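Residue numbers (my numbering): 2 to 277.
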């Protein structure tokens, strides 16, 4: 089976306890969160919040997840940056463990492979000491845009708790193929973030499209029906689908997310039918 989740990027600053309630209402299994909201766009007028600074909010988030039967599948906000000491993330990893989540997402900014390997390796060591998993995201900003360098990094890091996060927009737009995904060792696929887009970019800035305007599964052109057939059993598929145009047209977070969940369920139903 494939657990289905919803990610923070499409909810534009929604507090995590509210995310848990929304996920349960939509029949999902998990949420992917940050320790603070992504700044810069808040069409739903969510209050500011911080899981780092507010222990009561952490308790409320844990309680909401338990009450609604929702797991925190992933915590984002970890990055290898020039001049960044990854040991500074120790406190954040403690909070992740306190929240009951067992996986963090990490990205690397810049194309320096050695820095990425060293940073990922140190974060994986810090995470392992807390019983946590680390998944590195293939993306445009770092050295692991394609499967080949990603596998090179996995081998160099050499940690049992280290795997890859596959974001379908980045994966396909950066030139990877279904055959590349099928060839991956299933144990290296730690987490999947699902979104659709057209093949041709719609914005001058890649990151503007990635951060604000993706599409529900089936509304774009990516081979997602074939992709989900290849996702290893038990790996969470979570919906990272910001749709600013719908928010600006007055659609609330539930309406926006429902569209994405419905599209994902159609894909997953096809997967299940194909496996019978």
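Yeah, the Cβ is synthetic: ideal placement off N, Cα and C, and Gly gets one too.
Here the structure is a predicted model, which is why all the values come from computation and not from measurement.
With a cut-off of 8 Å on the beta carbons, I'd call residue i and residue j a contact; round off their distance for me.
i           : j           : result
residue 131 : residue 75  : Their Cβ separation, rounded to whole angstroms, is 15 Å, which puts residue 131 and residue 75 out of contact at 8 Å.
residue 110 : residue 142 : 5 Å
residue 137 : residue 165 : 6 Å
residue 5   : residue 254 : Actually they do not touch by this definition, with Cβ atoms about 17 Å apart.
residue 268 : residue 211 : That belief does not hold up - the Cβ atoms of residue 268 and residue 211 are roughly 20 Å apart, past 8 Å.
residue 63  : residue 25  : So it is not a contact: roughly 15 Å between Cβ atoms.
residue 21  : residue 66  : 5 Å
residue 265 : residue 218 : 5 Å
residue 8   : residue 259 : Rounded, the Cβ-Cβ distance is 15 Å, inconsistent with contact.
Is residue i near the ligand GTP, going by C-beta to nearest heavy atom under 7 Å?
i           : result
residue 136 : Annotation note on the ligand GTP: not contained in the displayed structure, which lists no ligands.
For residue i, which residues from the same chain have a beta carbon less than 8 Å from its beta carbon, with the 5 sequence-adjacent residues on both sides left out?
i           : result
residue 53  : 36, 37, 92, 93 and 96
residue 160 : 122, 125, 126, 129 and 135
residue 277 : Note that residue 277 scores 48 on pLDDT, short of 50, meaning its location in the model is unreliable; the coordinates nonetheless yield the value given after this. So no residue of the chain qualifies.
residue 108 : 79, 80, 81, 137, 138, 140, 142 and 143
residue 154 : 114, 117, 118, 121, 137, 144 and 145
residue 184 : 148
residue 85  : 120
If I follow the unbroken beta strand (DSSP E) through residue i, where does it start and stop?
i           : result
residue 167 : 163–168
residue 79  : 72–81
residue 32  : 31–35
residue 190 : 190–195
residue 108 : 104–109
I'd like to check one pair, residue j with residue i: are the Cβ atoms closer than 8 Å?
i           : j           : result
residue 196 : residue 169 : yes
residue 3   : residue 148 : no
residue 113 : residue 144 : yes
residue 87  : residue 47  : no
residue 73  : residue 101 : yes
residue 33  : residue 239 : yes
residue 104 : residue 133 : yes
residue 40  : residue 248 : no
Near residue i, which residues of its chain fall below 6 Å by C-beta distance, leaving aside the five closest residues on each side in sequence?
i           : result
residue 245 : 213 and 214
residue 42  : 13
residue 221 : 197, 198 and 199
residue 106 : 75, 77, 136, 138 and 166
residue 11  : 242 and 243
residue 272 : 229 and 230
residue 163 : 125 and 135
residue 18  : 61, 62 and 65
The alpha helix (DSSP H) with residue i in it runs from where to where?
i           : result
residue 118 : 114–129
residue 1   : The structure shown does not extend to residue 1, since the chain is modelled only from 2 to 277, so the question has no answer here.
residue 8   : Residue 8 -> not in any alpha helix (DSSP H); beta strand (DSSP E) instead, spanning 5–8.
residue 213 : 207–213
residue 56  : 56–69
residue 156 : 148–158
residue 20  : 17–26
residue 145 : It is not in any alpha helix (DSSP H) - residue 145 carries neither H nor E in the DSSP assignment.
residue 222 : Element bounds for residue 222: n/a, residue is neither H nor E.
residue 278 : Residue 278 cannot be examined here, being either before or after the span of the chain that is shown, 2 to 277.
residue 11  : Where residue 11 is concerned, there is no enclosing alpha helix (DSSP H), given that its DSSP letter is neither H nor E.
residue 93  : 91–100
Which residues in the same chain as residue i place their Cβ atom closer than 7 Å to its Cβ, once the five residues preceding and following it in sequence are excluded?
i           : result
residue 58  : 50 and 52
residue 224 : 179
residue 187 : 233
residue 158 : 118, 121, 122 and 125
residue 173 : 223
residue 189 : 155, 164 and 165
residue 270 : none
Taking only runs that begin and end inside the segment 238–263, name each unbroken beta strand (DSSP E) of 3 or more residues, in chain order. Runs found: 238–240.
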